[in-house]
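When we follow this note's numbering, the leftmost residue of the sequence shown carries the number 2, and every step to the right adds one.
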Amino acid sequence: MASFPALDLRFAPGPGAGALQDFLYAELDAFEPLAIQEHETGDGWRVFFRDAGDRDSARAALASEFGGALLALSPIDVDDEDWARRSQSALEAVRVGRIAVAPPWDVPEGDIVITIDPSMGFGTGHHETTRLCLRLLQDLDLKDRRAIDVGTGSGVLAIAAWRLGAREAVAVDNDPDALANARENIARNGGRAAIEVLERDLSDLSLSAGDVVTANLTGAALRKHARALGALVAPGGHLIVSGFSPAELTDVIAAFGGQPPGRRRKKIPAYKEVREGDWAAALISGQP
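In structure tokens:
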């Protein structure tokens, strides 16, 4: 039975919790976790890694930097079957505008239904950042467009772009397990002929530009790879970014050459901001 090395983090609620989480995300980004799952109680995370070495290195770094601020920092191993069983009992269909993202055991009727088998990454529609990206995708006219989803995870955003009218989509990730899950979900939704799945690292995004690019990553990753992500957007295209807190929004937009509304200069691309809970996303219009 496959298992995933993980860290169980617990932090005390309070005024400083949001700032602590921002710092934790930035520190964890260096270790490229597979997924960060928030506890239902809101007082911690379960962070999944590719191997125990990455987990142990991340644990040592977090203990050194934030040990006094964390109530728990425990290494654990999570069985893949246990994850699926917990997901099946807990997850239901999620509706975002015209789109419903549903697990195979709870498929509703609706305009656009995307069936996703839960795996270790974001993309079930239950995480705020996925929902924010789905909201922004529905603001665009995607008919006959080329879409690219970077850090695709389950493939849900690539599937959504295609179902919203894109003639073709590319789902990109650097994790083989995520790509396998994305392929399964794409086939499940009938998109195998229209959606290409590619293994690429953020440092090597060598592919043809798209009319709309989605990147649901982390604030640190977006800032670090802004130039490469911007180069993926065709002239006059759109970039949707998420995976960061509202406090990070200004820095993320600045990395792509944007400024907050009211302080826009000539040739600075306009953007639309949306928020849900402790998360934010932005639709940057025009080539970044």
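Where a beta carbon is used, it is the ideal one built from N, C-alpha and C, also for glycine.
Exposed unless 16 or more other CB atoms sit within 10 angstroms - verdict on residue i
| i | result |
| --- | --- |
| H128 | buried |
| R193 | exposed |
| R266 | For R266, the predicted model reports a pLDDT of 41, less than 50, meaning its position is unreliable and no value from the coordinates is stated. |
| W106 | exposed |
| E249 | buried |
| G98 | exposed |
| L133 | buried |
| A271 | exposed |
| P177 | exposed |
| A94 | buried |
| D112 | exposed |
Span separating the alpha-carbon of residue i from that of residue j
| i | j | result |
| --- | --- | --- |
| A61 | Q22 | 17 Å |
| N190 | I160 | 8 Å |
| A235 | T219 | 23 Å |
| D55 | A31 | 10 Å |
| D145 | E169 | 8 Å |
| E110 | R164 | 15 Å |
| G231 | R276 | 22 Å |
| R184 | R51 | 19 Å |
| A20 | S204 | 28 Å |
| A256 | V242 | 12 Å |
| G258 | D80 | 43 Å |
| A195 | N182 | 17 Å |
| P14 | A73 | 13 Å |
| L10 | L71 | 7 Å |
| E274 | I254 | 10 Å |
Nearest-angstrom beta carbon gap, residue j and residue i [assumed within contact, 8 Å]
| i | j | result |
| --- | --- | --- |
| T131 | N217 | 7 Å |
| I100 | Q139 | 7 Å |
| T215 | L158 | 5 Å |
| F5 | F49 | 5 Å |
Minimum C-alpha distance to residue i - residue among the options
| i | options | result |
| --- | --- | --- |
| D212 | L203, A255, I285 | I285 |
| I187 | S155, G238, F245, I113 | S155 |
| D118 | D112, E110, A103 | A103 |
| A227 | G237, L10, A94, D252 | D252 |
| S58 | S75, A70, L71 | S75 |
| G278 | G258, A271, F245, G287 | F245 |
| R47 | Y26, A283, R147 | Y26 |
| R96 | E200, R136, P177, A195 | R136 |
| E200 | V173, H40, H239 | V173 |
First and last residue of the uninterrupted alpha helix (DSSP H) at residue i
| i | result |
| --- | --- |
| A94 | Premise fails: A94 is in no alpha helix (DSSP H) and is neither H nor E. |
| E39 | E39 -> not in any alpha helix (DSSP H); beta strand (DSSP E) instead, spanning 36–39. |
| D252 | 250–256 |
Check: residue i C-beta below 7 Å from any heavy atom of the ligand NAP
| i | result |
| --- | --- |
| S155 | As far as ligands go, the structure on display features none, and thus does not contain the ligand NAP. |
First through last residue of the beta strand (DSSP E) which encompasses residue i
| i | result |
| --- | --- |
| L141 | Note, L141: premise wrong, no beta strand (DSSP E); not H, not E. |
| I149 | 147–151 |
| W46 | 45–49 |
| G55 | According to the sequence displayed, residue 55 carries Asp and not Gly. Taken as a continuous stretch (DSSP letters only), D55 belongs to no beta strand (DSSP E), being part of the alpha helix (DSSP H) at 53–67. |
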